[in-house]
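Per numbering that gives the first Met the number 0: the sequence shown = residues 0 to 680. One structure is given here, and the rest of the page talks about it.
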Amino acid sequence: MIQQLFSVEVGDKVPGETRVRRSILSPDKLVETPAQNVHTLYDVLRYSAHHYTDRNGFGFRKQLGTVQEEKEIVKQVNGSEVKETKSWTYYKLSDYQYVTYQEVAKITQIIGSGLKQLGMTKGDKLEIFAMTSFEWMMMAHGAFTQSMTVVTAYDTLGAEGLGFSISEVEAMTCFTNADLIPVLRKVLPICPSVRNIIYTGELPETEIHDLKSAFPQLSSIISYDELLKIGENHMSEPNPPQKQELCCIMYTSGSTGTPKGVLLTHANVVAAISGVNRILQHFIEDGDTVMAYLPLAHVLEFLVENVCIFFGLTLGYGTVKTLTDASVRECRGDFAAFRPSIVTGVPQVWETIKKTVMATVAARGPRIESIFHGAVDLKSWLHDNGLPAGVLDKVVFRKVKQQLGGRFRYALSGGAPLSTETQRFLSLTAAPILGGYGMTESCGMCSVMTPEQFSYGPVGAPVPCTEVKLVDAPEAGYLSTNEPKPQGEIWIRGPSVTAGYFKNDTLTKESITSDGWLMTGDIGEWNQNGTLSIIDRRKNLIKLSNGEYIALERIESIYKSSTLAENVCVYADSLCARPVALFVPVEKSLKDICQEKGIGSDDWEILCKDRAVRNLVLNLLHEQGKRSGLKGSELIHDVWICPELWTTEMGYLTAAQKLNRRIITEDFKEQLKEMNQSQKN
């Protein structure tokens with residue numbers, strides 16, 4: 000049987016590199032535009048307003064109020080039970096309200112006119128420091144109508160990173176949420192360029208007056224609705240951008256230090272849209288709806304939403320806090336209310352969904368749990384043998400699908416490696432989880448797995464707007480000559496790749512070659528069908544004392560798939576033979592298994608420090624690792640259990656939910672030292 004190829008080799012072989020590979024759909028020329036006369040994001044929205052005039056383009060919900068519920072919890076303090084009452088906040092939300100593409104085109108022109116009336120002109124910078132929302136996207140596209148540049152900053156970036164981005168680009172206007180004004184206020188003293196603040200939510204008049212008194216440079220502090228009124232009263236003709244002009248300066252999450260401003264032109268973003276369009280357009284159906292909840296300051300969500308605009312799909316905005324019924328009252332969660340057919344997510348989201356499903360099944364008793372997992376294995380066998388499994392979907396997995404709205408057709412996972420086990424589980428019980436690979440510098444998409452490429456592990460073939468090659472990383476044995484799979488550092492080139500970093504020529508030259516190749520720092524390998532698999536980050540390849548290299552992110556993705564794991568950070572000392580791990584448990588799961596084994600304390604923090612509990616977790620992680628094929632040197636020597644959840648606010652996670660390894664290892668350096676010392680003795 001001849002295997003279908005999804006990419007082809009082009010050009011000559013260069014020593015130390017694989018031949019360049021391109022999508023089977025663009026072997027001769029990389030694509031740059033998805034349709035005639037579509038060269039900028041301004042053009043993308045106008046294209047959709049023309050072709051999908053009265054189609055619902057965007058859906059959103061209004062917060063009607065909150066519900067406070069008090070719950071009594073029991074804690075152990077100094078060996079005695081202490082009852083404590085805690086208050087929990089739940090949200091009441093309206094039904095989804097929709098805006099058509101024609102209406103959106105009008106709104107963005109109004110916003111652009113409003114920004115112009117506030118004194119902004121072509122090339123001026125609009126800093127967006129806000130949660131993902133309908134208004135976020137309207138502000139961005141409003142700026143594009145007047146050739147203004149959007150600067151993105153995560154709403155979890157914190158004062159230091161926010162101040163750096165605003166001052167570096169000299170942003171004139173900031174768009175934010177009222178809740179984030181205190182963070183913005185902290186940085187205004189070092190951001191004299193800011194003249195206007197536009198906000199959503201409620202901001203008391205006293206606070207507005209206080210801000211204007213404290214910062215005389217501020218000309219306007221107005222709400223989003225007030226901006227719309229200004230625009231309506233002072234309408235201006237659009238001043239569309241050229242394709243080579245800056246669309247946005249996207250600041251990375253800065254997991255390794257100071258945030259970097261990635262320069263993305265309109266041509267870059269439109270080329271990325273055209274690449275996704277070429278490979279996915281025939282899988283899109285009329286009536287497809289897409290859940291929008293990931294940070295729009297992250298390139299994955301920004302690109303996906305603009306792809307959806309080009310396709311004329313309906314985007315429904317939600318928040319992580321309100322996705323499920325569990326976090327709302329007197330209404331349905333976002334998934335159930337919007338009923339998306341396509342969902343984009345990062346590994347942390349998929350791991351959480353998987354663990355929620357498994358916990359729900361386990362709560363129904365051993366018999367139901369056994370039947371469920373038997374059905375998962377049976378469906379896997381049926382798929383492997385090309386046999387239908389519709390009966391299992393209707394009888395066994397129906398409730399899993401209903402948790403995601405009941406219309407879920409497929410999902411895209413990006414942002415970080417997803418464990419094969421989690422991908423398999425959700426693909427069988429919910430819908431196929433398609434892997435993708437990209438980075439801010441490549442405008443999101445370097446490779447995407449399409450449904451016909453589906454398999455567990457790979458991230459698909461190069462998208463038609465990029466070409467990819469692997470370059471030897473000899474220090475770790477990743478070579479272009481390796482058999483059966485050539486391996487090496489992933490280098491990318493094409494019209495979607497950035498020209499560099501804002502005001503940072505040194506970093507630009509370190510990252511992009513003179514002939515346009517972006518050196519990603521990721522290690523990959525080519526599969527026989529022309530798809531790509533990601534092995535690890537080059538900087539996360541650690542050489543152990545025995546001379547073996549291990550890949551930290553790959554190991555973490557395997558340990559994170561444990562039902563006990565909320566999060567895991569693997570650390571390796573080059574003077575030691577094996578890595579160790581910092582482990583954040585799912586509290587209920589760990590307590591339940593400790594109770595079953597008759598070990599540990601009722602006090603959560605004491606339980607986490609208990610050596611017997613740590614040994615139990617260590618053994619369970621070893622079992623998980625062995626099932627997933629980890630080598631002896633990849634099995635952790637010891638584990639430290641962290642009782643507190645890691646969050647972006649703590650600095651332990653980036654806005655894309657990746658580990659902020661630098662901060663984590665610094666804060667837990669004593670625990671890491673203690674665990675490593677035990678294997679040095």
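Cβ atoms here follow ideal geometry from the backbone N, Cα and C, with glycine treated the same way.
Identity of the residue in GLN116, ILE189 and LEU606 nearest PHE163 by Cα: ILE189
According to DSSP, simplified to helix, strand and coil, what is SER254? For SER254, the predicted model reports a pLDDT of 48, less than 50, meaning its position is unreliable and no value from the coordinates is stated.
In whole angstroms, give me the CA-to-CA distance for ASN566 and ASN659. 12 Å
Check whether the region 217 to 228 and the region 457 to 475 are in contact - that is, three or more C-beta pairs closer than 8 Å. no
For the pair the region 1 to 15 and the region 203 to 220, tell me if three or more CB-CB distances fall below 8 Å. no
What number of angstroms, rounded off, separates the C-alpha of PHE310 from the C-alpha of CYS575? 52 Å
Could you compute how far the alpha carbon of VAL470 sits from the alpha carbon of SER412? 25 Å
Apply the 10 Å Cβ neighbour rule to ILE370 and answer buried if 16 or more other Cβ atoms are within range, or exposed otherwise. exposed
Are GLN656 and GLN347 touching if we call contact CB-CB under 8 Å? yes
When DSSP builds the beta bridges, which residues end up paired with ASN528? Beta-bridge pairing links ASN528 to no other residue.
Applying the 10 Å Cβ sphere with the 16-neighbour rule, what's the burial state of SER573? exposed
Figure out for me which residue from GLN401, HIS38 and SER112 has the closest Cα to the Cα of ALA336. GLN401
For PRO181, count neighbouring Cβ atoms within 10 angstroms of its own Cβ and tell me buried if that reaches 16, exposed if not. exposed
Looking at the structure shown, is TYR223 part of a helix, part of a strand, or coil, going by DSSP? helix
May I ask you to verify whether the region 558 to 565 touches the region 521 to 533, counting CB pairs closer than 8 Å and requiring at least 3? no
When you compare the CB positions of THR131 and LEU293, do they come within less than 8 Å of one another, or not? yes
Residues bridged to SER86 (per DSSP): GLU69
Reference LYS91, options LYS105, TYR153, GLN62 and GLU83, closest by Cα: GLN62
Are there three or more Cβ pairs, one per stretch, closer than 8 Å when the region 107 to 125 is compared with the region 134 to 142? yes
Should GLU622 go down as buried or exposed, given a rule of 16 or more other Cβ atoms within 10 Å for buried? exposed
Let me check one thing: in DSSP terms, what residues is VAL470 bridge-paired to? GLU16 and GLU488
Quick one: complete alpha helix (DSSP H) runs, 4+ long, within the region 538 to 578? 551 to 559
Could you give the residue range of the alpha helix (DSSP H) that holds PHE337? 333 to 337
Does DSSP put GLU622 in a helix, a strand or coil? helix
Assign HIS50 to one of two classes, buried (16 or more other C-beta atoms within 10 Å of its C-beta) or exposed (fewer than that). exposed
Out of HIS636, SER632, GLY631 and GLY628, which has the shortest C-alpha to C-alpha gap to VAL616? HIS636
Under 7 Å Cβ to Cβ from ALA472, same chain only, skipping five residues before and after it: list those, please. GLY487, GLU488, ILE522 and ARG537
For THR449 and ILE278, which I take to be in contact (beta-carbon distance under 8 Å), what is that distance rounded to the nearest angstrom? 5 Å
I'd like to confirm the pairing. Which residues does DSSP put opposite ASN305 in its beta bridges? Answer by DSSP bridge pairing: none, since ASN305 is not bridged.
Tell me whether HIS281 is buried or exposed, calling it buried when 16 or more other Cβ atoms sit within 10 Å of its Cβ. exposed
Taking 8 Å as the cut-off, decide whether the C-beta atoms of CYS307 and LEU40 are in contact. no
Can you round the beta-carbon distance between ILE598 and VAL583 to whole angstroms, since I take them to be within the 8 Å contact cut? Actually they do not touch by this definition, with Cβ atoms about 19 Å apart.
C-beta atoms of VAL268 and ASN305 nearer than 8 Å: yes
Return the Cβ separation of MET171 and VAL193 in integer angstroms, given the expectation that the two are a contact with Cβ distance under 8 Å. 7 Å
Measuring straight from C-alpha to C-alpha, what distance separates GLY196 and ILE165? For clarity, residue 196 is Ile in the given sequence; the question names Gly instead. So the alpha carbons of these two residues sit roughly 12 Å apart.
Proximal residues to ALA550 (C-beta, below 7 Å), its chain only, five neighbours per side dropped: ILE534, ASP535, ASN539 and LEU540
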